[in-house]
Structure formats: C-alpha cells, structure tokens
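Visitor: Numbering (UniProt numbering), first residue to last: 43 to 433. By construction, the Cβ of each residue, glycine as well, lies at the ideal position given by its N, Cα and C atoms. Values in this document were obtained by computation on a predicted structure and should not be read as measured data. Have a look at the structure that comes next, please.
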Amino acid sequence: GEPIVLEEKCIGCVKCVKACPGSALEIVFTPEEQAILATLSGPAEPEVDEEELERQRLIASYSGVWVFIEQTEGEPARVSWELSGSGRGLADTLGVPLSAVIIGHDVGHLADEAFRYGADQVYIIDQEVYARYRTEAYLEAMCYLIEKYRPEIVLMGATGMGRDLAGAVATRVKTGLTADCTGLDIDARRNLMQTRPAFGGNIMATILCERCRPQMATVRPHVMPLPERKELKPGKVIVETLPLNEADIFTRVLEIIKDKGGKDKVDVAGAEFIVSGGRGLMAKENFYLLEELAEEVGGVVGGSRSAVDAGWLPPERQVGQTGKTVRPKIYIACGISGAIQHLVGMQDSDVIIAINRDREAPIFEVATFGIVGDLFQVVPALTSKLREMKR
Ligand code: FAD
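This is the structure we're talking about:
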C-alpha cells in the first residue's frame with residue numbers, strides 16, 4: 043500500500059529515501075521549505091561515505107572472468123566450452139583475461155582444450171582427493187582460488203555438479219548467484235547483467251550483483267552457442283596444491299552406477315532435429331505420427347509440459363523452462379501453443395517450424411516457418427514428402 047508519513051515526526055532528514063531497498067521513496071520540498079532548509083544547514087558540504095568508498099575499493103580489487111571446467115573422469119562437459127565462449131565475450135568487453143578453472147585428478151589435458159576454446163590462462167588443482175566430485179572438496183578448492191586470485195565473474199554450468207557447487211561457493215564467499223541465466227552482458231558500470239526468466243517465465247529479469255564480488259552465474263547446457271574449437275595457442279598455467287586429504291572429507295564415493303540408457307532414453311537436449319508435440323496431439327497413440335517424421339529427419343521426439351503432464355511422453359522429453367533447453371538445427375512444434383515457458387526452452391533453435399491450426403498462436407511469433415493447419419493432415423504429408431524425396 044501507500045507509505046504513510048507521520049508528519050508530526052518527519053524532520054525531512056531524507057534518511058528513509060537512502061535506506062529504501064527498492065528506491066521507492068522520494069521527498070519533494072516546496073520552494074519555501076527549501077529556503078528554510080538552506081538557512082538551517084548552511085553551505086552544503088560534500089558528504090563522504092567512507093563505507094561506500096571502502097566497498098568500491100574492494101570491488102575494484104576483483105578482476106577477470108572465470109569459467110569452471112566441469113569434468114567427470116577427465117571427460118569435460120560441453121557446457122563448460124559453451125560458457126568459455128560467453129566468458130570470452132565478457133572478458134573482451136571488460137578488457138580482462140578469461141581464465142579456466144580445472145579441478146580434478148589427471149586432468150592436465152583439459153588445459154589445452156580450455157586454450158582452444160578461448161581461455162587466456164588456466165588454474166589447475168590436480169590431486170587424487172579431487173578424482174570424483176564431492177561438494178566439500180571442490181568447495182575448498184574453488185574458494186581457495188577465489189580468495190587468492192579474486193575474479194570479478196565466475197561462471198558454471200547449471201548441471202547437477204554446477205548447481206551444487208555454485209550455491210555452496212556463493213554462500214561461503216558471501217556473494218550473489220543467479221541460477222539458470224539465459225543471457226549475460228556487461229553494463230556501463232562494468233557489472234555483469236544476468237538475465238533469466240522470472241515469475242514463472244512471465245518476465246525476463248536482468249539481475250545485478252552490484253555490492254559483492256565475485257558475480258556468480260550458472261547457465262544451462264545448450265543455452266549459449268558452442269564456440270569454434272580453435273588452433274592451440276597455449277597460455278599461462280597456474281598450478282595450485284591444497285593441503286587436503288581423504289581424511290578431511292566426510293563423504294566417500296563408493297560406487298558409480300552409470301545410467302544404462304535403453305530404448306526409451308533419448309537425449310532431447312543434445313539432438314540436432316526435434317519434432318515436438320503438445321496438447322494438440324490429443325492422445326498418446328497419436329505420437330506415432332511424430333515418431334515417423336522424426337525418423338525421416340534422423341531426429342527425436344520431444345514435447346510440451348502439457349504432453350508430459352498428460353502422460354503422453356516421459357518427463358525427460360519435456361522442452362522448456364522446467365524441462366530441457368534445446369538448440370537443435372530444426373525444431374518442429376506440432377500442436378504447441380507457444381507459452382513463454384515453452385519458448386524459453388527452444389527459441390534459440392536455428393530453424394523453427396510451427397504447425398498449429400490457430401493462426402494467432404504465439405508459437406508463430408518465434409517460428410521461421412509457420413504452417414496454419416491441422417497437424418493430423420500436415421505431419422503425415424510432410425513425412426510422405428520426405429520419404430518421396432529420399433527415393
Ligand atoms: P496448449 O497451450 O493447450 O496448446 C495446444 C495447441 O494445439 C493450441 O495452440 C491449439 O491451437 C493447437 N492444436 C489443437 N489441435 C490441433 C490440430 N489438430 N492441429 C494443429 N494444432 C492444433 N510448458 C512447457 O512446454 N515446458 C515447460 O518447461 C513449462 N514449464 C512451466 C513452468 C511453470 C512455472 C508454469 C506455470 C508453466 C510451465 N509450462 C511449461 C506450461 C505452459 O505454460 C503451457 O501450459 C504449456 O506449454 C502448454 O502446452 P501446449 O502448447 O502443448 O498446450
């Protein structure tokens with residue numbers, strides 16, 4: 043509601059204006075009041091806010107963009123290279139180096155990969171205790187590096203490991219973290235602009251971490267494009283060792299049971315061609331139409347949340363804000379209206395083909411090609427045309 047000013051108590055000190063976290067207050071003085079205030083306070087002296095100056099000095103002492111290179115048994119996660127591409131752009135805008143942070147055991151080979159994907163320098167902690175990811179161990183390593191080398195930006199993939207580590211690190215180094223960013227940029231005051239969907243995807247919010255360093259963000263796989271893997275130009279490698287032993291870690295990894303995959307396991311996030319179905323498919327049985335089309339283009343079948351909620355598709359096939367973010371070469375949306383929560387998961391696809399019988403459907407706003415029509419006619423026609431062309 044409207045703020046209530048207790049007029050008999052207000053002395054016009056303006057402290058409330060400065061203290062309001064939402065910058066929502068303003069005090070306007072009439073010319074008469076201004077004249078009285080001038081006689082009371084005498085000539086204005088510039089206010090020196092020592093605390094603010096100290097904070098600015100501290101912020102200025104942080105420099106450089108870091109990307110955490112996620113690896114499992116020496117195998118890097120693709121999202122780390124996607125982030126290296128974004129980090130490169132941020133570092134160039136700021137005029138600072140881009141560094142890759144590699145933590146693990148027998149991971150030296152990843153340094154060269156990091157250089158190929160744009161890093162200027164690499165920090166490595168390579169010890170047996172880091173052979174398998176454990177929050178406590180990686181937290182110690184990451185915080186040690188951050189406290190010693192003071193980066194202004196730290197990026198991690200919004201994977202199981204990245205989400206776990208980023209939250210723990212941000213808490214320990216007392217800074218902010220924006221999860222699941224879809225856009226990263228630098229503002230005029232050199233702050234990281236972290237954009238992500240908010241309020242159930244109804245708005246895109248740009249979040250700043252103005253008062254703390256480092257600025258930390260996670261980004262989901264496939265949101266940022268994979269940069270080109272360039273010719274190797276080695277940079278500086280900074281090797282650090284921590285006095286950390288097995289006995290210091292309370293968690294043991296006893297066994298790793300790999301997901302065996304199976305017929306129903308489909309990697310929607312990594313697919314180059316996706317045929318997606320929504321509520322317009324009407325029933326589970328009708329998805330064979332999409333399977334046939336997907337088979338012709340060598341793709342996989344995904345879907346909207348409505349299709350998943352109806353039990354027509356398994357949850358891992360869901361595309362969107364609470365599903366997978368995809369970036370295929372071709373995304374064919376069939377009977378999907380194009381709610382914002384769906385769009386944020388697929389709008390960066392190279393080519394989007396939308397089939398919907400409602401010409402006003404929002405999916406057409408992001409579509410490269412739109413087909414207004416009944417999917418039960420259009421999809422089989424497309425499939426048979428493709429079959430014909432192959433022959
Ligand atoms: P509808 O919106 O019902 O659209 C069906 C479309 O099919 C209509 O446009 C209709 O014209 C068309 N159609 C019907 N019959 C035919 C036909 N014969 N031929 C051609 N077209 C036809 N949704 C997601 O998809 N992914 C998410 O990750 C996701 N996360 C969410 C998170 C939150 C917090 C919230 C609140 C919602 C989320 N949603 C998500 C749900 C989202 O808001 C929509 O409800 C959902 O995407 C709608 O699915 P749909 O397009 O399949 O269904």
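Going straight from the alpha carbon of residue 350 to that of residue 120, what length do you get?
Guide: Near 27 Å, if we compare the C-alpha coordinates of residue 120 and residue 350.
Visitor: Report back the beta-carbon spacing between residue 195 and residue 108 to the nearest angstrom; my notes put them in contact at under 8 Å.
Guide: At roughly 7 Å, the Cβ-Cβ gap stays under 8 Å, so residue 195 and residue 108 are in contact.
Visitor: What residues does ligand 1 have around it, judged by CB closer than 5 Å to any heavy atom, in chain order?
Guide: The answer, residue by residue, is 242, 320, 321, 322, 346, 347, 348, 362, 363, 364, 365, 377, 378, 379, 381, 383, 384, 398, 399, 400, 403, 416, 417.
Visitor: Report the rounded CA-to-CA distance for residue 257 versus residue 417, giving the unit in angstroms.
Guide: For residue 257 and residue 417, the distance between alpha carbons rounds to 46 Å.
Visitor: Do the region 277 to 289 and the region 342 to 361 touch if we need at least three Cβ pairs shorter than 8 Å?
Guide: Because the criterion of three Cβ pairs below 8 Å is not met, the region 277 to 289 and the region 342 to 361 do not touch.
Visitor: I need the boundaries of the alpha helix (DSSP H) containing residue 321, first residue and last residue.
Guide: Neither: residue 321 is in no alpha helix (DSSP H) and is coded neither H nor E.
Visitor: List the endpoints of the continuous alpha helix (DSSP H) containing residue 72.
Guide: It is not in any alpha helix (DSSP H) - residue 72 carries neither H nor E in the DSSP assignment.
Visitor: Look up residue 366 in the DSSP assignment and give the residues it is bridged to.
Guide: Paired residues: 361.
Visitor: Report the start-end ranges of each beta strand (DSSP E) in the region 153 to 178 that is 3 residues or longer and not cut off at the edges.
Guide: As far as the region 153 to 178 is concerned, its whole beta strand (DSSP E) runs of at least 3 residues are 163 to 168.
Visitor: To the nearest angstrom, how far is the alpha carbon of residue 397 from that of residue 223?
Guide: When rounded, the distance between both Cα atoms is 29 Å.
Visitor: For residue 231 and residue 270, I'd like the C-alpha separation in whole angstroms.
Guide: Each residue's Cα considered, the two are about 30 Å apart.
Visitor: Counting C-beta neighbours from all protein chains within 10 Å, is the total for residue 394 16 or more, i.e. buried, or is it exposed?
Guide: When all chains shown are included, residue 394 counts as buried.
Visitor: In the DSSP assignment, the beta strand (DSSP E) including residue 131 goes from what residue to what residue?
Guide: That residue, residue 131, is in no beta strand (DSSP E); its alpha helix (DSSP H) goes 120 to 136.
Visitor: What's the gap between the Cα of residue 326 and the Cα of residue 114?
Guide: For residue 326 and residue 114, the distance between alpha carbons rounds to 37 Å.
Visitor: Check whether the region 185 to 199 and the region 307 to 317 touch, using three or more Cβ-Cβ pairs below 8 Å as the test.
Guide: The region 185 to 199 is not in contact with the region 307 to 317.
Visitor: Is it true that the CB of residue 126 sits closer than 8 Å to the CB of residue 80?
Guide: Contact: no.
Visitor: Once the 5 residues before and after residue 158 are set aside, which same chain residues still bring their CB inside 7 Å of it?
Guide: Result list for residue 158: 271, 272, 274, in chain order.
Visitor: What does the alpha-carbon distance come out to for the pair residue 391 and residue 384?
Guide: The alpha-carbon atoms of residue 391 and residue 384 are separated by roughly 12 Å.
Visitor: So, are the CB atoms of residue 165 and residue 143 less than 8 Å apart?
Guide: Cβ atoms of residue 165 and residue 143: closer than 8 Å.
Visitor: With residue 278 as the anchor, note down where its alpha helix (DSSP H) starts and where it stops.
Guide: Run containing residue 278: none in the alpha helix (DSSP H); it sits in the beta strand (DSSP E), 278 to 282.
Visitor: Taking the continuous beta strand (DSSP E) assigned at residue 215, which residues delimit it?
Guide: Looking at the DSSP string, residue 215 is not in any beta strand (DSSP E), and its letter there is neither H nor E.
Visitor: Whole angstroms is fine: what's the gap from residue 49's alpha carbon to residue 77's?
Guide: Using only the alpha carbons, I get a separation of about 19 Å.
Visitor: Quick one: what's got a C-beta closer than 6 Å to residue 105's C-beta in the same chain, skipping five residues either side?
Guide: Only 138, 194 meet the Cβ criterion.
Visitor: Could you tell me which residues DSSP puts in a beta bridge with residue 117?
Guide: Per DSSP, 114.
Visitor: Can you grab the Cα-Cα spacing for the pair residue 370 / residue 180, in whole Å?
Guide: Using only the alpha carbons, I get a separation of about 33 Å.
Visitor: Assign residue 293 to one of three DSSP states: helix, strand, or coil.
Guide: Looking at residue 293 - three-state DSSP - the assignment turns out to be coil, as it is neither helix nor strand.
Visitor: So what does DSSP say about residue 330, is it helix, strand or coil?
Guide: Residue 330: helix per DSSP, three-state reduction.
Visitor: Which value, in whole angstroms, describes the spacing of the CA atoms of residue 407 and residue 72?
Guide: The alpha-carbon atoms of residue 407 and residue 72 are separated by roughly 50 Å.
Visitor: In chain order, what residues of the same chain lie with their CB nearer than 6 Å to the CB of residue 259, ignoring the 5 residues before and after it?
Guide: So the qualifying residues of the chain are 197, 220, 223, 236.
Visitor: Short of 6 Å in beta carbon distance, which residues of its chain neighbour residue 409, apart from the five on each side in sequence? Order them along the chain.
Guide: For residue 409, where only same-chain residues beyond five positions count, the Cβ hits under 6 Å are 394, 396.
Visitor: Given this structure, state the Cα-to-Cα distance separating residue 52 from residue 229, to the nearest angstrom.
Guide: Looking at the two C-alpha atoms, the distance is approximately 37 Å.
Visitor: Tell me, which residues are paired with residue 108 by DSSP?
Guide: DSSP, once it has assigned bridges, lists 141, 196 as partnering residue 108.
Visitor: For residue 135, which residues from the same chain have a beta carbon less than 7 Å from its beta carbon, with the 5 sequence-adjacent residues on both sides left out?
Guide: Closer than 7 Å at Cβ, skipping near neighbours: 228.
Visitor: How many Å lie between residue 234 and residue 57 at the Cα?
Guide: The straight-line gap from Cα to Cα measures roughly 29 Å.
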